[in-house]
Ligand SMILES: [Mn+2]
């Protein structure tokens, strides 16, 4: 009989768009197991239910969609806990005792921004030593965790959790258990940490709540074969190391967010090894979902890539601090609210290495009249944020093509790329269509 692997995924409706690639990657590496996926969410569209089912069917595996009632963790909205960044669905892994069938004794929870390279059985099967749950990292945390550090959810990451579901049931670790702990924390001294939240708070996200709630029963397992985040040097040899998975948590290295990478970023990505590896499973999942024949696969690939021919030196990526822009088609972006947010076009790693003086060519249209549309250059500043410089302003007429050429020196203050800001648009429903964008070393 095959060994059984129970995997929990959770999120809101839009997060599940990343599930088909994630599942394909996981199933491919675990064909010798009976893999059962459980998807926790308060709402999943028919399309996503169908897509997840189709991937599971293809691999002769199981996926069960479990609807979480809306009220669970809704009251978190009244807590200062970073709920805007970490919405209530982030807490759904705490509900395993109530929602999973009795037959499930153990489960491993994964965020969907994880790439698998090896069989995870040695992690799944590890001895929990009487703990109710475990989290993983490849570094050694300091011996003593202070109370505040625990509440901040420091040291490691809840993107991967091994959960003893039977123990959760036995000790009634359920919604009421966690919310009682949250209430109790709210009577403690608040924490001030401006990096996380502007206002004082009592615990931060599910990660902070887990540490305090399961104190003494929450194992940190140090392992060299897992990674949360990755840097340039590590990625060069990640294939040689027995890395079982990488959780893409780099906050500013957004091009390393594997699940958000596109065909565009393949051309000039900072982590091509990871991106190519990811796209392999993405294509495979599309083949399964769309039932594509070989030649159609080539078309799928070519349509995406051919739009980019000539856009050398540029990777296109949306970054959503305010989530104002949505990519509605390749190189087409639409504002969905009146916020200020940029569409970023990062320079390729190669260009950054060799270029000193570059020539930028940009052609675009906007669906409405806008005065003062900003083109910016950006670079990382020394505290990990971004420094911006204005390249130019455009007064744009609706649907009239704008053609812009400039030359500039690449230095540390502009070397990451260029971006277009939605600041001057200040309304939803305006479409930006980039028809040409190139940066060349001259
Ligand atoms: Mn994550």
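Numbering (full-length UniProt numbering), first residue to last: 1 to 442. Where is the CB? At the ideal position from N, CA and C, for every residue including glycine. Predicted model, so just to flag it, every value in this text is computed and none were measured.
Count the CB pairs spanning the segment 75 to 89 and the segment 189 to 204 that are closer than 8 Å, and state whether there are at least three. Judged by Cβ distances under 8 Å, the segment 75 to 89 makes contact with the segment 189 to 204, as three or more pairs qualify.
If you draw a straight line from the alpha carbon of residue 442 to that of residue 356, how long is it in whole angstroms? Locating residue 442 in the chain shown gives position 442, where the first residue counts as 1. Locating residue 356 in the chain shown gives position 356, where the first residue counts as 1. Taking the straight line joining both Cα atoms gives about 8 Å.
Within 10 angstroms of its Cβ, does residue 411 collect 16 or more other Cβ (buried), or is it exposed? As a first step, residue 411 must be located in the chain shown, where it is residue number 411. Counting Cβ neighbours within 10 Å, residue 411 comes out exposed, since fewer than 16 surround it.
Alpha helix (DSSP H) segments (min. 4 residues) lying fully within the segment 30 to 102: Those alpha helix (DSSP H) runs which fall completely within the segment 30 to 102 and span 4+ residues are 46 to 58, 96 to 99.
Would residue 364 and residue 402 be called neighbours here (beta carbons separated by less than 9 Å)? Position 364 of the chain shown, counted from the start, is the residue given in the question as residue 364. Position 402 of the chain shown, counted from the start, is the residue given in the question as residue 402. Taking 9 Å as the Cβ cut-off, residue 364 and residue 402 qualify as a contacting pair.
Residue 208: first and last residue of the uninterrupted alpha helix (DSSP H) it sits in: Residue numbering aside, residue 208 sits at position 208 when the chain shown is read from its first letter. Element bounds for residue 208: 205 to 213.
Identity of the residue in 97, 204, 165 nearest residue 181 by Cα: Here residue 181 refers to the residue found at position 181 of the chain shown. Selected option, being the one with the closest Cα: 204.
Taking the straight line between their C-alpha atoms, what separation do you get for residue 92 and residue 437? As a first step, residue 92 is located in the chain shown; it is residue number 92 there, counting from the start. As a first step, residue 437 is located in the chain shown; it is residue number 437 there, counting from the start. If you draw a straight line from the Cα of residue 92 to the Cα of residue 437, it comes to about 42 Å.
Please return the same chain residues whose Cβ sits closer than 6 Å to the Cβ of residue 22, not counting the five positions on each side in sequence. In the chain shown, residue 22 corresponds to position 22, counting from 1. Close CB contacts of residue 22 within its chain, under the 6 Å cut and outside five residues either way in sequence, are with 112 (chain order).
Please report the Cβ distance between residue 96 and residue 168, rounded to the nearest whole angstrom; I am assuming they are in contact, meaning their Cβ atoms lie under 8 Å. Position 96 of the chain shown holds residue 96. Position 168 of the chain shown holds residue 168. Here residue 96 really is in contact with residue 168; their C-beta atoms are around 6 Å apart, less than 8 Å.
Within 10 Å of its beta-carbon, does residue 175 have 16 or more other beta-carbons around it, so buried, or fewer, so exposed? The residue given as residue 175 occupies position 175 in the chain shown. Around the C-beta of residue 175, 16 or more other C-beta atoms lie within 10 Å, and the residue is accordingly described as buried.
Where the alpha helix (DSSP H) through residue 185 begins and ends: What you label residue 185 is simply residue 185 of the chain shown in a count that begins at 1. Note, residue 185: alpha helix (DSSP H), 175 to 185.
Count the other C-beta atoms from every protein chain shown that fall within 10 angstroms of the C-beta of residue 137, then say buried if there are 16 or more, exposed otherwise. The residue you call residue 137 lines up with position 137 of the chain shown. Looking at its Cβ environment, which holds 16 or more other Cβ atoms inside 10 Å, residue 137 is buried.
For a test of the three-state rule: what should DSSP assign to residue 405, helix, strand or coil? Stepping through the chain shown from its first residue, residue 405 is reached at position 405. Strand, per DSSP.
Compute every distance between the C-beta of residue 249 and the non-hydrogen atoms of ligand 3, then say whether any falls below 8 Å. Among the ligands present in this structure, namely ligand 1, ligand 3 is not found.
Beta strand (DSSP E) segments (min. 3 residues) lying fully within the segment 111 to 141: List check, beta strand (DSSP E) in window: 114 to 116, 133 to 137.
Taking the alpha carbon of residue 124 as the point to measure from, which residue in 226, 391, 230, 409 has its own alpha carbon closest? To locate residue 124, count along the chain shown from 1; it is residue 124. Comparing Cα positions, the closest option is 226.
Per DSSP, residue 433 is paired with what? Start at 1 with the first residue of the chain shown, and residue 433 comes out as number 433. Per DSSP, 332, 365.
Give a yes or no on contact between the segment 412 to 422 and the segment 386 to 399, applying the rule of three or more CB pairs nearer than 8 Å. Touching, yes, given that three or more Cβ pairs across the two stretches are closer than 8 Å.
Would you mind stating whether residue 359 and residue 439 have Cβ atoms separated by less than 9 Å? One-based indexing of the chain shown puts residue 359 at position 359. One-based indexing of the chain shown puts residue 439 at position 439. A distance below 9 Å separates the beta carbons of residue 359 and residue 439.
Rounded straight-line distance, which links the Cα of residue 17 to that of residue 321: If you number the chain shown from 1, residue 321 lands on position 321. If you number the chain shown from 1, residue 17 lands on position 17. Unreliable positioning characterises residue 321 in this predicted model, as indicated by a pLDDT of 47, which lies under 50. The coordinate reading is nonetheless provided below. Distance from the CA atom of residue 321 to the CA atom of residue 17, rounded to whole angstroms, is 20 Å.
Please name the residue, chosen from 63, 339, 435, 431, that lies closest to residue 404 on a Cα-to-Cα basis. Along the chain shown, one-based indexing puts residue 404 at 404. Closest in C-alpha terms to residue 404, from the list 63, 339, 435, 431, comes 435.
Judging by CA-CA distance, which residue of 244, 428, 188 is the nearest neighbour of residue 160? If you number the chain shown from 1, residue 160 lands on position 160. If we check each option's Cα against that of residue 160, 244 comes out closest.
Give the straight-line distance between the Cα atoms of residue 46 and residue 60, rounded to the nearest whole angstrom. Reading the chain shown from its first residue, position 46 is the one you call residue 46. Reading the chain shown from its first residue, position 60 is the one you call residue 60. Those two C-alpha atoms are separated by around 20 Å.
Verify the contact flag: residue 108, CB atom, against every heavy atom of ligand 1, threshold strictly below 8 Å. Residue numbering aside, residue 108 sits at position 108 when the chain shown is read from its first letter. Incorrect: residue 108 has no Cβ contact closer than 8 Å to ligand 1.
Closer than 7 Å by C-beta to residue 419: which residues in its own chain qualify, once you throw out the five before and the five after it? Chain order, please. Within the chain shown, residue 419 is the residue found at index 419, counting from 1. Within the same chain, Cβ atoms closer than 7 Å to the Cβ of residue 419 are found at 342, 343, 344, 345, 376, 378, the five residues on either side in sequence being excluded.
Residue 111 CB to nearest heavy atom of ligand 1 below 8 Å: Looking up residue 111 in the chain shown gives position 111. It does: the Cβ of residue 111 is within 8 Å (strictly closer) of some heavy atom of ligand 1.
Skipping 5 residues on each side, what residues in its chain have a beta carbon closer than 7 Å to that of residue 173? The residue given as residue 173 occupies position 173 in the chain shown. Counting only residues of its own chain and dropping the five nearest sequence neighbours on each side, residue 173 has a CB closer than 7 Å to the CB of 97, 132.
So for residue 427, helix, strand or coil by DSSP? Walking along the chain shown from the start, residue 427 turns up at place 427. Three-state DSSP puts residue 427 in coil, outside helix and strand.
Are there any heavy atoms of ligand 1 lying less than 8 Å away from the beta-carbon of residue 288, as far as the coordinates show? For the purposes of this step, residue 288 is taken as the residue at position 288 of the chain shown. No, the Cβ of residue 288 stays beyond 8 Å of every heavy atom of ligand 1.
Quick one: what does DSSP say residue 251 is sitting in, helix, strand or coil? Locating residue 251 in the chain shown gives position 251, counting from the first residue. Reliability fails at residue 251, whose pLDDT of 44 lies under 50, so the model's placement of it is uncertain and the value that follows must be treated cautiously. Three-state result, residue 251: coil.
Residues bridged to residue 346 [DSSP beta-bridge criterion]: Mapped onto the chain shown, residue 346 falls at position 346. According to DSSP, residue 346 bridges with 417.
Within the present structure, is the beta-carbon of residue 159 separated from the nearest heavy atom of ligand 1 by less than 8 Å? What you label residue 159 is simply residue 159 of the chain shown in a count that begins at 1. Under cutoff, so the answer is yes.
Ordered along the chain, which non-local residues of its own chain (more than five positions away) have a Cβ less than 6 Å from that of residue 361? To locate residue 361, count along the chain shown from 1; it is residue 361. The answer, listed in chain order, is 405, 438.
Excluding five sequence neighbours on each side, which residues of the same chain lie with their C-beta closer than 6 Å to the C-beta of residue 331? As a first step, residue 331 is located in the chain shown; it is residue number 331 there, counting from the start. Spatial neighbours of residue 331 in its own chain (CB-CB distance under 6 Å, excluding positions within 5 residues in sequence) are listed in chain order as 434.
Using a threshold of 9 Å, state whether the C-beta atoms of residue 248 and residue 115 are closer than that. By one-based count along the chain shown, residue 248 stands at place 248. By one-based count along the chain shown, residue 115 stands at place 115. Yes, they are a contact pair.
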